[in-house]
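Visitor: Keeping their order, the protein sequence lines are chains Z and X. This note's numbering puts the first residue of the first sequence at 164, with every later residue one more than the last. This note's numbering puts the first residue of the second sequence at 545, with every later residue one more than the last. We put the beta carbon where it would ideally sit given N, CA and C, even for glycine. These numbers come from a predicted model, not from an experiment. Following this message is one structure expressed as structure tokens.
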Amino acid sequence: MSDWDDLLYDMRIAKIDDDTMDRLLAGHIDPDDAPPGYGEVARILQAASSPPRGEHLSREVEHVAAARRVMSPGSASIGGAGGSPSRHRRALAGLIVTGALLGIPGLAAANALPDPAQHAVSRVFDKVGISVPDTPQAPTASIDHPASTGAEISSIATTTDATGVAKGALISSTASGGKSQAGQHGSAATPHGSAPVATPNTGGTGTADTASGGAADQGTATADQHSGGRSAAGSGNA
Amino acid sequence: MSEFQDVLIAAREGEGWALGRLFRLTYPRFVCYVGAVAPADAEDVAADAWLDVARGLHRFEGDEQAFRAWAFTIARRRLLDLRRSRARRRTDPVDPGELVAAGGAGNVEEEAMTSLGTRWAIRLITSSLSPDQAEVVILRVIGQLGVDEVAAIMGKRRGTIRVLQHRALRRLAQVLQGEGVTP
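Here's what the structure looks like:
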């Protein structure tokens, strides 16, 4: 547009005072009654002043609910969009963790947890001086084992005066918390005997062997008896 | 006590009907105001501004006009936050001449009945005017705010706002006439 064109357009656009300007902007001047050159401006301003309602108000319930949440006394009141869904999810996760931290001790005190959990919580609380009922039976043999460390077994094996069957029985009995019947039944394996069937379960054989200094031949018979002949325990020492 | 004061008191107490009234008074206008600058973020920014309004209700005192000014101050703050993060004024500049042609200015009255007409009018304003001029017009038209209130919100003097709005409407008139809209 040239300067000449600008001048022509300006000549068709009236100068308006502040009051007319205010009434135009407030939508109080009908386009047909607007000053020369401002008819379309009045229409544009009227169109702009009518914000679409339906499409925004369709989510009114959701937004009002969010507002109520941020207005509630317990809600975060400073900064950010505290009512946004993501923040609510994080808050919920925090509540769950807090609830778990508060709830588990209560359930433990009431002896209402599953046995392994009850036992674990009992041990933890016992360390800090809080008495919580424990399960009557330890969940695994190793936890309440009378000789729960290899060092103790090793000490027996290296310091006892017992020898042979008696030594093996002592070690076995200690290691099993008195449950072992080693040395009480059956007879020693023959010097050249071997387990009749190879078995993957050779657990304890090495331990007994090492602990007894190779003299735990009596335990083999007991193991063999209790395993139905499938145990190879101690067979290498016989 | 005015009806608006009743609404305000009830809204502070969390009454759904009252919060709904305030929501309808503010949110659609927030969307238009923010949408004039950042259409893609309009609803998110408007939602954040609405929650800020809700948070601050307990400390607001005044009539409906003061409430609008206060609410738009909040919305503008949210908009400035967005603009700082985006570091640009307009996200999608459009040639005003194209908008005039596309909008069918002869049917503005009919278009005004639809959201399309509103959006078109706002885009024409923002595309035709400088950022300051457009913001003055939008705050005055969409926010239904007075010169003093707009001056306070934008941090400018009253006389500056007067000059900006005069230039803005004259520029709009030039754009619309330049496209041959007015017979």
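In chain X, which residues lie with their C-beta within 8 Å of the C-beta of Ser-221 (chain Z)?
Guide: Near Ser-221 (chain Z) there are no residues of chain X at all, since even the closest Cβ is about 11 Å away, more than 8 Å.
Visitor: Checking 8 Å against the spacing of the C-beta atoms, do Arg-706 (chain X) and Asp-181 (chain Z) come in under that value?
Guide: Yes; because the gap between Cβ atoms is below 8 Å, this pair is in contact.
Visitor: Taking buried to mean at least 16 other C-beta atoms within 10 Å of its own C-beta, is Pro-199 (chain Z) buried or exposed?
Guide: So Pro-199 (chain Z) counts as exposed.
Visitor: From X:Gly-699, X:Gln-688, X:Ala-712, X:Val-694, pick the residue whose C-alpha is nearest to that of Leu-569 (chain X); which is it?
Guide: It is X:Gln-688.
Visitor: Determine, for Ile-192 (chain Z), whether the minimum Cβ-Cβ distance to residues of chain X falls below 8 Å.
Guide: So, not an interface residue.
Visitor: Apart from the five residues on each side of it in sequence, which residues of its chain come closer than 6 Å, Cβ to Cβ, to Pro-194 (chain Z)?
Guide: So the list reads Gly-202, Ala-205, Arg-206, once near-sequence residues are dropped.
Visitor: Given that a residue counts as buried once 16 or more other Cβ atoms are within 10 Å of its Cβ, and exposed if not, what is Ala-584 (chain X)?
Guide: By the 10 Å Cβ count, Ala-584 (chain X) comes out exposed.
Visitor: Using a Cβ-Cβ cutoff of less than 6 Å, which residues in the same chain neighbour Asp-596 (chain X) once the five nearest sequence positions on both sides are dropped?
Guide: Around Asp-596 (chain X): Ile-618.
Visitor: Assuming contact is defined by CB atoms lying nearer than 8 Å, are Gly-560 (chain X) and Val-233 (chain Z) in contact in what I supplied?
Guide: No, these two residues do not count as a Cβ contact at 8 Å.
Visitor: What's the call for Gly-690 (chain X), buried or exposed, on a 16-neighbour Cβ count within 10 Å?
Guide: So Gly-690 (chain X) counts as buried.
Visitor: Give a yes or no on whether 8 Å exceeds the smallest Cβ distance from Gln-609 (chain X) to chain Z.
Guide: False, the Cβ-Cβ gap to chain Z never drops below 8 Å.
Visitor: Along the alpha helix (DSSP H) that carries Asp-193 (chain Z), what are the first and last residues, could you check?
Guide: First-last for Asp-193 (chain Z): undefined, no H or E at that position.
Visitor: Run through DSSP, which three-state label would Phe-604 (chain X) get?
Guide: Three-state result, Phe-604 (chain X): coil.
Visitor: Identify the continuous alpha helix (DSSP H) that holds Gly-703 (chain X) and give its terminal residues.
Guide: Per DSSP, Gly-703 (chain X) belongs to the alpha helix (DSSP H) from 702–722.
Visitor: Counting only beta-carbon separations shorter than 8 Å, does Ala-598 (chain X) have a partner in chain Z?
Guide: Output row for Ala-598 (chain X): interface = yes.
Visitor: Please check if any C-beta of chain X sits within less than 8 Å of the C-beta of Asp-278 (chain Z).
Guide: No, Asp-278 (chain Z) lies away from the interface with chain X (no Cβ there is under 8 Å from its Cβ).
Visitor: Count the other CB atoms within 10 Å of the CB of Arg-663 (chain X); is the residue buried (16 or more) or exposed (fewer)?
Guide: Burial call: buried.
Visitor: Check the C-beta distance from Ala-580 (chain X) over to Ala-678 (chain X) and give it rounded, since I have them as a contact under 8 Å.
Guide: Rounded, the Cβ-Cβ distance is 7 Å, consistent with contact.
Visitor: Would you identify the three-state DSSP class for Gln-688 (chain X), choosing helix, strand or coil?
Guide: If DSSP states are grouped into helix, strand and coil, Gln-688 (chain X) belongs with coil.
Visitor: Pull up the distance between the alpha-carbon of Ser-247 (chain Z) and that of Gly-703 (chain X), whole angstroms please.
Guide: Any answer about Ser-247 (chain Z) is weak, because its pLDDT of 45 lies below 50 and its placement is not dependable; what the coordinates show is given next. Their Cα atoms are separated by approximately 40 Å.
Visitor: With DSSP as the reference, label Leu-569 (chain X) as helix, strand or coil.
Guide: The answer is helix: DSSP assigns Leu-569 (chain X) an H, G or I state.
Visitor: Note down the Cα distance separating Ala-610 (chain X) from Asp-196 (chain Z), rounded to an integer number of angstroms.
Guide: Between Ala-610 (chain X) and Asp-196 (chain Z), the C-alpha separation is close to 30 Å.
Visitor: For Arg-684 (chain X), which residues in the same chain have their Cβ closer than 7 Å to its Cβ, ignoring the five residues on either side in sequence?
Guide: Once the five neighbours on either side are set aside, the close Cβ partners of Arg-684 (chain X) are Val-694, Gln-709.
Visitor: Here's the rule: buried if 16 or more other CB atoms are within 10 angstroms of the residue's CB, otherwise exposed. What is Leu-563 (chain X)?
Guide: Buried, because 16 or more other Cβ atoms sit within 10 Å of the Cβ of Leu-563 (chain X).
Visitor: My guess is that Arg-715 (chain X) and Ser-672 (chain X) are in contact by the Cβ rule of under 8 Å, so how many angstroms apart are they, rounded?
Guide: Correct: roughly 6 Å between the Cβ atoms.
Visitor: Are Phe-548 (chain X) and Glu-608 (chain X) closer than 8 Å when you measure CB to CB?
Guide: Yes, the Cβ-Cβ distance between Phe-548 (chain X) and Glu-608 (chain X) is below 8 Å.
Visitor: Whole angstroms is fine: what's the gap from Phe-574 (chain X)'s alpha carbon to Arg-622 (chain X)'s?
Guide: Rounded to the nearest angstrom, the two C-alpha atoms are 10 Å apart.
Visitor: Can you pull out the residues from the stretch 174–185 of chain Z whose beta carbon lies closer than 8 Å to at least one beta carbon of chain X?
Guide: Answer in chain order: Arg-175, Ile-176, Ile-179, Asp-181, Met-184, Asp-185.
Visitor: CB-CB under 7 Å to Leu-626 (chain X), same chain, minus the five flanking residues each way: which ones, in chain order?
Guide: Cβ neighbours of Leu-626 (chain X) beyond the five flanking positions: Ala-582, Asp-585, Val-589.
Visitor: Please report the residue range of the alpha helix (DSSP H) in which Ala-205 (chain Z) lies.
Guide: Unbroken alpha helix (DSSP H) run through Ala-205 (chain Z): 202–211.
Visitor: By the criterion of Cβ-Cβ separation under 8 Å, what are the contact partners of Val-707 (chain X) in chain Z?
Guide: Those do not exist, as Val-707 (chain X) stays about 11 Å from chain Z at its closest Cβ, beyond 8 Å.
Visitor: Excluding the 5 residues flanking Gly-724 (chain X) on each side, which residues of the same chain have their C-beta closer than 8 Å to its C-beta?
Guide: Low confidence applies to Gly-724 (chain X): its pLDDT is 47, below 50, so where it sits in the model is not reliable, and the reading given next is rough at best. If we look at Gly-724 (chain X) and ignore the five residues flanking it on each side, it has no Cβ neighbours.
Visitor: Helix, strand or coil: how does DSSP classify Lys-330 (chain Z) here?
Guide: DSSP places Lys-330 (chain Z) in helix when its eight states are reduced to three.
Visitor: Please confirm whether Arg-222 (chain Z) and Gly-558 (chain X) have their CB atoms less than 8 Å apart.
Guide: No. Outside cutoff.
Visitor: Mind listing the chain Z neighbours of Gly-560 (chain X)? Cutoff is C-beta to C-beta under 9 Å, in chain order.
Guide: Chain Z residues near Gly-560 (chain X): Val-224, Val-227, Ala-228, Arg-231.
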